[in-house]
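Asks: For reference, the structure I am asking about is given below.
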Amino acid sequence: MTTAALSSAPLSKAALFEAQAVKTSARRNRLLSLPALIIIGIFGVLPLLIICVYSFLVAAPYGGVQWQFSTDAYLNFLFQRDIFDDTLQFTPDFLIIYLRSFLFAVVTTIICLLLGFPTAYFMATRPPAQRNWWVLLITIPFWSNLLVRTLAIMFIIRDEGLVNNALLALGVIDRPITMLYTNFAIQLGLLYAFLPFMVLPLYSSLEKLDFRLVEAAYDLYATRRQVLWRVIIPLSKPGIIAGCLLVFIPALGAYVTPLILGGGVHLMIGDLIAQQFGSGRNWPLGCAQALILMAAVLVALYFYVRNTSGKVQHG
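If you read the sequence shown in the UniProt record's numbering, its first letter stands for residue 1, the second for the next number, and so on.
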């Protein structure tokens, strides 16, 4: 029989039934995913489109927008027009706030990693019956609201707080140390808020680690440092990457912590954007700042994932 005859031959009943089953399964999967797609579209894509549109409009005098196309929101991010001759002048105020927020996020991520890795390793090396209790202790802070936890830190480090009162009672200092409303207070609050986000992914990765490889490295006369850097850390890279992302991204746009512990003096990106929608009454500028932040994070993630994809392997 020729090829043309074979191609024109009618499909068997089994093949027709299989094709119909595939179509039915695909249709059922689309219907099952429809609620999730609707929710993502309404609460994710639609607000993003609104923000994007608003960023190209003109700010209304008392909040809101005027439906006139303008790119002033993006232009005002780095430049400001002179009130007399309408010339553009470079103003790095917003850029400084972005760089400060980036520095806070990087320092928070690094310190959380330095503190979280030994903690997660300790948890992963406990007997299986004890590990759930250690996970419970790490997740206890999540039981209360972030605002309540931040206020608790404020009461601890204020001039009449627990730390200063203890140091005064011990005679270490003769007057209270100013810690509240400083960069130190913001950094401390960020560390406290996001440390569990680093510990849990690291623990999940280290728990799956085959410790027979560690024993084999010791049998081959590897030192503790060599075992750590050449066995444990490479095999726990997925947890390190996940923890760094879970800490860096929310720390970059933190709002409650710098507002309360910084006293509104040491602004970060979240406070800056909130001001544009509040006292600043400049919604287009706030939308533009939010989109610039999102674009910067996406670009950084793209290059990070591009450089790490294919190199991360789990034992």
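No residue lacks a Cβ here, since even glycine has one placed at the ideal position from N, Cα and C.
(1) Have a look at Gly263 and Ile97 and give me their C-alpha separation to the nearest angstrom.
(2) Going straight from the alpha carbon of Asn164 to that of Ile110, what length do you get?
(3) Sorted by chain position, which residues of the same chain lie with C-beta nearer than 7 Å to Val256's C-beta, five sequence neighbours on each side aside?
(4) Quick check: the Cα distance between Ala15 and Ser101, rounded to an integer number of angstroms?
(5) Thinking C-alpha only, which one of Ala296, Ile177 and Leu291 is nearest Phe56?
(6) Looking at the ligand GTP, does it come within less than 7 Å of Arg126, judged from the CB to the closest heavy atom?
(7) Take Tyr302 as the anchor and find which of Leu245, Arg230 and Asp271 has the nearest alpha-carbon.
(8) Per DSSP, what kind of secondary structure is Leu267 in: helix, strand or coil?
(9) Please list the terminal residues of the continuous beta strand (DSSP E) segment that includes Leu88.
(10) Does Val148 come out as helix, strand or coil in the three-state DSSP assignment?
(11) In whole angstroms, what is the alpha-carbon distance linking Ala295 and Phe277?
(12) State yes or no: is the C-beta of Arg105 within less than 8 Å of the C-beta of Ala251?
(13) From the beta carbon of Phe56, is the nearest beta carbon of chain C less than 8 Å away?
(14) Starting from Ala59, follow its DSSP beta bridges and name the residues at the other end.
(15) So, under 8 Å CB-CB, Gly286 and Val199 are touching, yes? Tell me the CB distance rounded to an integer number of Å.
(16) Since Arg81 is in the beta strand (DSSP E), which residue starts that stretch and which ends it?
Replies: This is what the structure gives:
(1) 15 Å
(2) 27 Å
(3) Leu146, Leu147 and Thr150
(4) 60 Å
(5) Leu291
(6) As presented, the structure is devoid of all ligands, the ligand GTP included, so that no description of it is given.
(7) Leu245
(8) coil
(9) Leu88 to Phe90
(10) helix
(11) 20 Å
(12) Just to set this straight, residue 105 is Ala in the shown sequence, not Arg. Yes.
(13) Included in the structure is just one protein chain, with no chain C present.
(14) Val65
(15) Incorrect: roughly 34 Å between the Cβ atoms, too far for contact.
(16) Phe79 to Arg81
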